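Per my numbering, the sequence shown starts with residue 412, numbered consecutively.
Below is one structure, written out as structure tokens, with a few remarks after it.
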Amino acid sequence: MIKAGIDRLNSQTEKEAVMKKTLIIGSILFTVIALVFPGPALAQGTRTFEVTITNLTGGQIFSPPIVLAHDNDFNLFTLGEPASEALTGLAEDGDTSGLVDMAENMPSIYGYAMADGPVLPGTSAVVEIDTHHTAKRLSVAGMLVTTNDAFFAVRGARTWGIFLEPLYASAYDAGSEVNSENCSDIPGPPCGNGGVRNTADAEGYVHIHAGIHGTMDISTAEFDWNNPVALIRIQRK
Numbered sequence: 412m413i414k415a416g417i418d419r420l421n422s423q424t425e426k427e428a429v430m431k432k433t434l435i436i437g438s439i440l441f442t443v444i445a446l447v448f449p450g451p452a453l454a455q456g457t458r459t460f461e462v463t464i465t466n467l468t469g470g471q472i473f474s475p476p477i478v479l480a481h482d483n484d485f486n487l488f489t490l491g492e493p494a495s496e497a498l499t500g501l502a503e504d505g506d507t508s509g510l511v512d513m514a515e516n517m518p519s520i521y522g523y524a525m526a527d528g529p530v531l532p533g534t535s536a537v538v539e540i541d542t543h544h545t546a547k548r549l550s551v552a553g554m555l556v557t558t559n560d561a562f563f564a565v566r567g568a569r570t571w572g573i574f575l576e577p578l579y580a581s582a583y584d585a586g587s588e589v590n591s592e593n594c595s596d597i598p599g600p601p602c603g604n605g606g607v608r609n610t611a612d613a614e615g616y617v618h619i620h621a622g623i624h625g626t627m628d629i630s631t632a633e634f635d636w637n638n639p640v641a642l643i644r645i646q647r648k
């Protein structure tokens, strides 16, 4: 009779242990699912992301980068097709006003933010952006200022999931201005001539930039690069 009581006690203890483990596992699974697939409570309001942009070039300065939060319907550019007027302004002069206007008027863009200043070689800028929960992607762009129309970009980086991998950005040619490498129409140092466009013989479409060739005023040793030119890290806060 004593043995039977002990057996019942052991059996009950084992059941309680199993139930406890089940509750713990269930709690963990619920937390993971809530993070990966936010429910209505988590989906309300805004989300904040911290975007770190690191300049990997040896001599090119980046114009203050812009970060756009958007859905799947927006595309900053398409390789092989002409750049938008807004992107052309960024690529030729580091002018983000066109992209800001686009962000404020396009229903597929939910927010934007900009770095406080240029990003020097080997340094980083941190941009914090608040956006609506329906903005599933981020795009980042900035000009390589000692060029005619080169820019770096990451298009449509995902913002969902637990782990967001670092992204590497190539340098693109907007195709809106000929690559003269002439200081008369280049805004960055050592030139300083922004707002001057040399469109003769421009390619007319966005493509991977071929770099600096040293044919005129710009030194390849100082201003040329190899891809990637930027490292982009996205962290949800």
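Just so it is clear, CB atoms sit at the ideal spot from N, CA and C, and this is done for glycine as well.
As the structure is a prediction and not an experimental result, all values here were calculated from the model.
In the DSSP assignment, find the alpha helix (DSSP H) that holds residue i and state where it starts and stops.
i    : result
V511 : 508-516
F634 : 631-634
Below 7 Å CB to CB, which residues in the same chain sit around residue i once its five sequence neighbours on both sides are set aside?
i    : result
F634 : G470, Q471, T557, I623
A494 : F488, A502, A585, G586, S587, V617
E492 : Y616, V617
G599 : I472, V556, T557
Measuring only the C-alpha atoms, how far is residue i from residue j?
i    : j    : result
A524 : P601 : 28 Å
G572 : R647 : 10 Å
T610 : T463 : 33 Å
E515 : G509 : 10 Å
R608 : C594 : 12 Å
G500 : T457 : 29 Å
G606 : D506 : 9 Å
V538 : T570 : 15 Å
T628 : T468 : The amino acid at residue 628 is misidentified as Thr; the sequence shows Asp. The straight-line gap from Cα to Cα measures roughly 19 Å.
A536 : I645 : 12 Å
With a CB to CB cut of under 6 Å and the five nearest residues on each side skipped, what residues in its chain are close to residue i?
i    : result
L490 : V617
N590 : N559
E614 : G586
A454 : Caution is warranted here: a pLDDT of 46 is assigned to A454, below 50, making its placement in the model unreliable, and the coordinate value is therefore given only provisionally. Taken in chain order, the residues that qualify are H544.
Spatial neighbours of residue i within its chain, please: CB distance less than 8 Å, with the 5 preceding and 5 following residues excluded, ordered by chain position.
i    : result
A580 : V551, F563, A564, V565, P639, V640, A641, L642, I643
In the DSSP assignment, find the beta strand (DSSP E) that holds residue i and state where it starts and stops.
i    : result
T465 : 457-466
L642 : 641-647
A480 : 477-481
With respect to 6 Å, is the separation between the Cβ of residue i and the closest non-hydrogen atom of the ligand MG below this value?
i    : result
M525 : As presented, the structure is devoid of all ligands, the ligand MG included, so that no description of it is given.
If contacts are defined as beta-carbon pairs under 8 Å, then residue i and residue j qualify, I think. What distance do you get, rounded to the angstrom?
i    : j    : result
A582 : W636 : 6 Å
task = Run through the segment 513-595 for me and flag every whole beta strand (DSSP E) of 3 or more residues, listed as ranges in chain order.
result = 520-525, 535-543, 548-554, 561-569, 578-584
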